[in-house]
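Below is one structure, written out as structure tokens; the observations come after it.
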Amino acid sequence: MATENPQPERVNYLNKEYGVGSWLLTTDHKRIALLYLISITFFFFIGGFFALLIRLELLTPAGDLVQADTYNKLFTMHGMVMIFFFLIPSIPAVLGNFLVPMMIGAKDLAFPRINLLSWYLYIIGGVMMLHCMLTGGVDTGWTFYTPFSTAYTNTKIVEAGLAIFVAGFSSILTGLNFVVTIHRMRAPGMTWSRLPLFIWAHYATSIIQILGTPVVAITIVLVAVERTLHLGIFDPKLGGDPLLFQHLFWFYSHPAVYIMILPSMGIVSEIIACFSRKRIFGYSFVALSSIAIAVFGFLVWAHHMFVAGISVYAALIFSLLSYAVAVPSAVKVFNWTATLYKGSIHYDAPMLYAFGFLGLFTMGGLTGLFLAALGINVHVTDTYFVVAHFHYIMVGGAVMGYLGGMHFWWPKISGKLYPEGWARLAALIVFIGFNLTFFPQFILGYVGMPRRYYQYPPEFQVLNVLSTAGATVLGVGYLLPMIYFLWSMRYGKPAPDNPWNAAGLEWKTASPPPTFNFDEEPVVTWEAYNYEQLDGARKEEVPVAG
Amino acid sequence: MSEHSSSPLKTYVTIWLTLLAGTALTVYAATVDLGHFNAAVALTIASCKALLVALFFMHIRGASEKLVKLVVIATVFFLFILLALSMADYGTRAWS
Amino acid sequence: MALAKRRFPLPDSQTIPGQTVAVHGEGHNPALLHHFAEQQQQRDAASLGMWIFLATEVMFFGGLFCAYLIYRLKYFAEFSAASKTLALSLGATNTAVLICSSLTVVLAVYAAQHAKRSMLLGNLILTIILGFVFLGIKAVEYNEKFEKHHVPGPSFQFNEVNIPGHPGQYANPSHAQIFFALYFVMTGLHALHMIIGIGIFVWLLTAAWKGRFTPQYNTPVEIGGLYWHFVDIIWIYLFPLLYLIDRHP
Chain A
215 MATENPQPER VNYLNKEYGV GSWLLTTDHK RIALLYLISI TFFFFIGGFF ALLIRLELLT
275 PAGDLVQADT YNKLFTMHGM VMIFFFLIPS IPAVLGNFLV PMMIGAKDLA FPRINLLSWY
335 LYIIGGVMML HCMLTGGVDT GWTFYTPFST AYTNTKIVEA GLAIFVAGFS SILTGLNFVV
395 TIHRMRAPGM TWSRLPLFIW AHYATSIIQI LGTPVVAITI VLVAVERTLH LGIFDPKLGG
455 DPLLFQHLFW FYSHPAVYIM ILPSMGIVSE IIACFSRKRI FGYSFVALSS IAIAVFGFLV
515 WAHHMFVAGI SVYAALIFSL LSYAVAVPSA VKVFNWTATL YKGSIHYDAP MLYAFGFLGL
575 FTMGGLTGLF LAALGINVHV TDTYFVVAHF HYIMVGGAVM GYLGGMHFWW PKISGKLYPE
635 GWARLAALIV FIGFNLTFFP QFILGYVGMP RRYYQYPPEF QVLNVLSTAG ATVLGVGYLL
695 PMIYFLWSMR YGKPAPDNPW NAAGLEWKTA SPPPTFNFDE EPVVTWEAYN YEQLDGARKE
755 EVPVAG
Chain B
29 MSEHSSSPLK TYVTIWLTLL AGTALTVYAA TVDLGHFNAA VALTIASCKA LLVALFFMHI
89 RGASEKLVKL VVIATVFFLF ILLALSMADY GTRAWS
Chain C
13 MALAKRRFPL PDSQTIPGQT VAVHGEGHNP ALLHHFAEQQ QQRDAASLGM WIFLATEVMF
73 FGGLFCAYLI YRLKYFAEFS AASKTLALSL GATNTAVLIC SSLTVVLAVY AAQHAKRSML
133 LGNLILTIIL GFVFLGIKAV EYNEKFEKHH VPGPSFQFNE VNIPGHPGQY ANPSHAQIFF
193 ALYFVMTGLH ALHMIIGIGI FVWLLTAAWK GRFTPQYNTP VEIGGLYWHF VDIIWIYLFP
253 LLYLIDRHP
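Chains as they are written, first to last, in the numbering used here: chain A, 215 to 760; chain B, 29 to 124; chain C, 13 to 261.
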């Protein structure tokens with residue numbers, strides 16, 4: 215049972231009001247963050263379920279678990295759910311919503327009601343997608359290329375497309391809210407150069423959400439119109455160009471991968487600073503590299519189309535630009551490493567996830583450069599090499615960062631401490647399971663196993679079995695935090711305001727915070743990551759104001 | 029933006045008349061055979077009209093902060109990227 | 013002055029004893045939302061929010077402009093032929109209508125800022141009327157296209173239409189259909205935004221009628237105006253691109 219408190223429980227955002235209505239009609243960014251947490255976890259399991267079926271099928275070379283058409287639906291739904299209903303919202307909608315106002319010293323986001331609307335749009339899109347899946351699903355791959363998706367497939371493209379369209383507006387409104395909040399709601403003294411790197415990362419992410427998502431939205435509209443009216447915008451038989459679809463689709467979908475990774479990078483900055491007890495090395499470089507990634511990320515989309523039929527001159531340009539976009543990411547990795555150097559390293563669970571991120575993101579990023587080279591690209595396009603590459607970034611990078619962030623801020627969010635021993639074990643299991651799942655896929659891809667195939671030559675079986683085994687381990691690793699986070703809400707030790715003695719305004723208020731975040735509006739007079747001050751002044755309180 | 033920032037009414041009417049004149053001009057220019065320049069002329073006139081609306085009717089000109097100008101410029105820039113880099117493909121396909 | 017009715021009211025009970033809330037001065041504007049420190053901050057946030065929303069709209073239409081650009085270059089002949097079938101006078105009139113409506117909008121904003129009630133109401137009403145005129149003319153045009161079988165889909169016909177400047181050469185109906193597909197999607201999406209704009213201005217008119225806008229608080233008029241001007245700007249580009257491809261006699 216919870217330890218007895220000598221004084222009555224403080225009023226915080228969780229216990230201020232009870233009842234379903236107070237949650238479903240809330241405008242408190244922290245409650246909305248928790249609403250999102252529940253919903254995206256739900257969709258994570260749906261997407262994971264499809265992954266499980268895929269890996270089960272791939273245990274044997276023959277296509278024996280499901281039919282070919284069904285397999286097409288499995289990988290399509292896995293991709294659509296994981297990308298649009300888990301990865302894209304995850305960190306911004308959960309940790310971003312919760313922390314952005316607190317980190318800048320504000321009472322809430324700029325537009326709290328639009329924040330709630332964002333969540334409802336996400337739910338509506340999610341319900342539409344669920345209905346689509348339950349009534350037949352889609353089999354085009356998450357990329358729904360034309361003319362297959364517009365003229366040939368019999369599956370529910372329009373419905374799935376509209377579900378994504380609605381969820382896309384949720385994403386746009388979140389981004390809009392963050393940008394306005396960061397510009398207009400910073401507490402006195404919170405200058406741009408004092409902002410936590412988490413904020414810079416979310417600012418950059420929001421730029422991408424705002425500028426990129428509308429383009430995929432209009433693409434979906436065009437696909438829906440073409441499919442219903444049998445037009446020829448993308449149909450070569452009627453004079454259309456299928457590559458136009460791909461250009462419009464990837465103009466968003468490439469920057470979308472930066473939506474998925476940038477927030478995770480922001481989290482890693484916070485964790486590494488805290489558990490090395492040091493200011494992030496090269497703060498301005500890391501901050502500006504987030505913006506650079508957002509900008510450059512819009513210049514490289516056709517590297518997904520190298521073998522699709524674009525002109526070789528365009529391919530040259532996009533290849534060069536793709537090398538350029540890797541530079542800011544590398545800048546971050548070098549700066550994080552330099553932060554670790556001569557730091558006072560603590561191996562708490564969040565830090566284990568951050569270490570995992572560093573290694574796995576680097577591998578994913580480097581293999582991205584392999585893919586950016588036209589020669590290699592021709593060899594490994596549409597093979598498991600690509601699958602491994604993006605899972606290293608999205609799972610080894612984004613999800614690790616997300617889990618690290620959930621552990622790091624869990625005491626703040628819930629007011630309880632999670633069990634550290636179990637958390638470190640889970641982190642280790644996730645790391646091992648991840649590598650066992652996806653490293654064999656690099657090899658599989660390189661030796662020629664195509665992606666989106668449900669059968670393969672027998673000589674590939676060993677690697678596939680290893681991959682499936684790894685997926686099982688990974689699944690265990692994901693289940694453990696679900697279990698002990700829930701456990702901690704009832705049985706965990708109450709958390710102090712700042713269990714990590716971390717820098718940042720969010721740690722200067724109670725765990726869990728009051729509804730309006732701060733008892734008094736903070737006035738910031740210190741630089742970000744003032745760990746020397748924090749560690750030196752452990753005996754006395756660091757003043758909030760003045 | 030504070031209360032005193034709106035331009036005087038005279039400016040609004042002048043811009044309005046200019047926009048109408050621009051419309052007439054673009055219709056006239058379309059009837060003249062300028063070959064490939066027809067499109068360029070039409071887009072130039074349209075862009076001037078859009079600029080006038082943005083600067084004077086949407087009050088970008090009087091804006092105290094650079095932020096709004098940055099938002100507009102950034103948006104136009106990324107739209108331009110979409111168009112230009114797509115054309116990098118379509119424009120060079122014939123060369124291969 | 014009447015309080016703006018908020019869907020999710022923030023009751024004063026949210027001030028918990030012992031927790032000071034924010035620095036509202038005595039007699040602050042009732043339209044000030046509780047998470048803002050002052051009116052100017054709220055206004056600046058609303059304005060920036062609307063500008064960013066317009067940025068998303070630019071990119072939304074931008075995808076269509078990209079498709080248009082590519083197909084116009086690819087099928088210039090068919091685009092010329094198809095464009096010529098559009099009613100130039102109606103398109104030009106609509107352009108003028110929208111330009112006039114932008115004037116009435118900016119006059120309405122001015123009126124709100126200077127507490128000129130009848131000027132405000134009059135211009136809001138005029139804006140709405142002009143919006144309906146635009147939609148009416150559009151309906152006439154769409155009807156004409158429907159009758160001529162230029163609506164893309166199963167009943168589309170574009171047979172034996174000469175390519176301008178090349179007598180004896182006929183336009184390829186499939187390629188012309190692409191023009192009309194883009195025409196309807198672009199103008200249709202634009203019309204949808206007009207309808208939403210009219211809705212916004214009807215709401216502004218009701219609020220203005222109730223006297224809700226003052227020189228201290230007229231942000232909704234201002235940002236509603238921004239939206240309307242944006243819709244005007246889109247049409248400023250649509251008109252020459254769709255109607256004026258080749259009008260040489």
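Ideal Cβ placement from N, Cα and C applies to all residues, glycine included.
**Request:** Consult DSSP for histidine 36 of chain C and reduce its assignment to one of helix, strand or coil.
**Result:** At histidine 36 of chain C, the pLDDT of 43 sits below 50, so the modelled position is not reliable; the number obtained from the coordinates is stated separately. Histidine 36 of chain C: coil per DSSP, three-state reduction.
**Request:** Spell out whether any CB of chain A is found under 7 Å from the CB atom of aspartate 61 of chain B.
**Result:** Aspartate 61 of chain B does not count as touching chain A.
**Item:** Per-residue burial, glycine 350 of chain A [other beta carbons within 10 Å of its own, 16 or more giving buried]
**Value:** Under this definition glycine 350 of chain A is an exposed residue.
**Asked** Is any beta-carbon of chain A found at less than 7 Å from that of methionine 86 of chain B?
**Response** Judged by the 7 Å Cβ criterion, methionine 86 of chain B is not in contact with chain A.
**Message:** Looking only at its chain, what residues have a beta carbon closer than 6 Å to the beta carbon of phenylalanine 251 of chain C, apart from the 5 residues adjacent to it on each side?
**Reply:** Taking C-beta separations shorter than 6 Å and ignoring five residues to either side along the sequence, the partners of phenylalanine 251 of chain C in its chain run Gly103 and Thr107, following chain order.
**Prompt:** Of all the CB atoms in chain A, is at least one closer than 7 Å to the CB of arginine 89 of chain B?
**Reply:** Closer than 7 Å: no.
**Request:** Please check the pair asparagine 549 of chain A and valine 500 of chain A, which I expect to be a contact at CB under 8 Å, by giving their CB distance rounded to whole angstroms.
**Result:** A Cβ-Cβ separation of about 5 Å places asparagine 549 of chain A in contact with valine 500 of chain A under the 8 Å criterion.
**Request:** Starting from glutamine 460 of chain A, follow the alpha helix (DSSP H) in both directions and report where the run begins and ends.
**Result:** It spans 456-490 - the alpha helix (DSSP H) in which glutamine 460 of chain A sits, taken as one unbroken run.
**Request:** Compare the C-beta of glycine 74 of chain C with all C-beta atoms of chain B and state if any pair is closer than 7 Å.
**Result:** So yes, glycine 74 of chain C belongs to the interface.
**Message:** Distance cutoff 7 Å, beta carbons only. Does alanine 89 of chain C sit that close to anything in chain B?
**Reply:** Answer no: the Cβ-Cβ gap between alanine 89 of chain C and chain B never drops below 7 Å.
**Prompt:** With 7 Å set as the bound, which would you pick, yes or no: does the beta-carbon of alanine 568 of chain A sit closer than that to a beta-carbon of chain B?
**Reply:** By this cut-off, alanine 568 of chain A is not an interface position.
**Asked** For the candidate residues A:Arg493, A:Leu390, A:Gly340 and A:Val613, whose alpha-carbon lies nearest to that of methionine 291 of chain A?
**Response** Nearest in C-alpha terms to methionine 291 of chain A, of all of A:Arg493, A:Leu390, A:Gly340 and A:Val613, is A:Gly340.
**Request:** Establish whether the CB of alanine 57 of chain C and some CB of chain A are separated by less than 7 Å.
**Result:** Taking Cβ atoms only, chain A reaches closer than 7 Å to alanine 57 of chain C, which makes this a yes.
**Message:** I'd like to know if phenylalanine 106 of chain B contacts chain A, where contact means its C-beta is closer than 7 Å to some C-beta of that chain.
**Reply:** Put simply, the CB of phenylalanine 106 of chain B is near chain A, with a gap under 7 Å to one of its CB atoms.
**Request:** Using 10 angstroms around the beta-carbon of aspartate 56 of chain C, count the other beta-carbons present and answer buried if the total reaches 16, otherwise exposed.
**Result:** Around the beta carbon of aspartate 56 of chain C, 16 or more other beta carbons sit within 10 angstroms, so the residue counts as buried.
**Test: glycine 177 of chain C CB closer than 7 Å to a CB of chain A** = Chain A contact via Cβ: absent.
**Request:** Excluding the 5 residues preceding and the 5 following phenylalanine 730 of chain A in the sequence, name in chain order all residues of the same chain whose CB lies nearer than 8 Å to its CB.
**Result:** Result list for phenylalanine 730 of chain A: Lys321 and Asp322, in chain order.
**Extent of the continuous beta strand (DSSP E) to which histidine 178 of chain C belongs** = Per DSSP, histidine 178 of chain C belongs to the beta strand (DSSP E) from 178-182.
**Contacts that isoleucine 82 of chain C makes with chain A (C-beta to C-beta distance below 9 Å)** = For a Cβ distance threshold of 9 Å, residue set Asp455, Leu458 and His461 of chain A lies close to isoleucine 82 of chain C, ordered along the chain.
**Asked** Does the Cβ-Cβ distance between tyrosine 762 of chain A and alanine 717 of chain A come in under 7 Å?
**Response** No information on residue 762 of chain A is available, as it lies outside the stretch 215 to 760 that chain A covers here.
**Message:** Could you tell me the alpha carbon to alpha carbon distance between phenylalanine 298 of chain A and isoleucine 378 of chain A, rounded to whole angstroms?
**Reply:** Across the structure, phenylalanine 298 of chain A and isoleucine 378 of chain A are spaced so that their CA atoms are roughly 7 Å apart.
**Prompt:** From A:Phe463, A:Gln460, A:Ile328 and A:Tyr285, pick the residue whose C-alpha is nearest to that of valine 352 of chain A; which is it?
**Reply:** Comparing C-alpha distances from valine 352 of chain A to each of A:Phe463, A:Gln460, A:Ile328 and A:Tyr285 shows the shortest one belongs to A:Tyr285.
**Asked** Counting only beta-carbon atoms, is arginine 121 of chain B nearer than 7 Å to chain A?
**Response** Taking a beta-carbon distance threshold of 7 Å, arginine 121 of chain B counts as an interface residue toward chain A.
**Cβ pair count under 8 Å reaching 3, the stretch 241-251 of chain C against the stretch 63-81 of chain B** = Yes: the two stretches touch, three or more of their Cβ pairs being nearer than 8 Å.
**Prompt:** Counting Cβ pairs, one atom from each stretch, are 3 or more of them under 8 Å apart for the stretch 124-133 of chain C and the stretch 222-234 of chain C?
**Reply:** Result yes; three or more Cβ-Cβ pairs closer than 8 Å.
**Prompt:** At a CB-CB cut-off below 7 Å, which residues of chain C make contact with isoleucine 447 of chain A?
**Reply:** In chain order: Ala79, Ile190 and Ala193.
**Asked** Near valine 539 of chain A, which residues of its chain fall below 8 Å by C-beta distance, leaving aside the five closest residues on each side in sequence?
**Response** Annotation for valine 539 of chain A: Ile507, Phe510, Gly511, Leu513 and Val514 place their beta carbon closer than 8 Å to its own, counting only its chain and skipping 5 residues before and after.
**Message:** On the DSSP bridge list, what partners appear for threonine 597 of chain A?
**Reply:** The partner list for threonine 597 of chain A (beta bridge, DSSP) reads A:Pro664.
**Every unbroken beta strand (DSSP E) within the stretch 99-182 of chain C, with a cutoff of 3 residues, ordered by chain** = Along the stretch 99-182 of chain C, the beta strand (DSSP E) occurs as fully enclosed runs of 3 or more residues at 178-182, listed in sequence order.
**Asked** DSSP three-state call for proline 713 of chain A: helix, strand or coil?
**Response** In the structure shown, proline 713 of chain A sits in coil (DSSP, three-state: anything other than H, G, I, E or B).
**Under 7 Å between C-beta atoms of tryptophan 333 of chain A and methionine 294 of chain A** = Their beta carbons are not under 7 Å apart, which means tryptophan 333 of chain A does not touch methionine 294 of chain A by this criterion.
**Request:** Could you check what DSSP says for lysine 546 of chain A in three-state terms: helix, strand or coil?
**Result:** DSSP places lysine 546 of chain A in helix when its eight states are reduced to three.
**Item:** CB of serine 478 of chain A within 7 Å of CB of valine 545 of chain A, strictly
**Value:** No.
**Prompt:** With 7 Å set as the bound, which would you pick, yes or no: does the beta-carbon of serine 114 of chain B sit closer than that to a beta-carbon of chain C?
**Reply:** True, the Cβ-Cβ gap to chain C drops below 7 Å.
**Prompt:** Below 8 Å, can you find three or more Cβ-Cβ pairs linking the stretch 485-500 of chain A to the stretch 453-466 of chain A?
**Reply:** Result no; under three Cβ-Cβ pairs closer than 8 Å.
**Message:** According to DSSP, simplified to helix, strand and coil, what is lysine 230 of chain A?
**Reply:** It is coil, neither helix nor strand.
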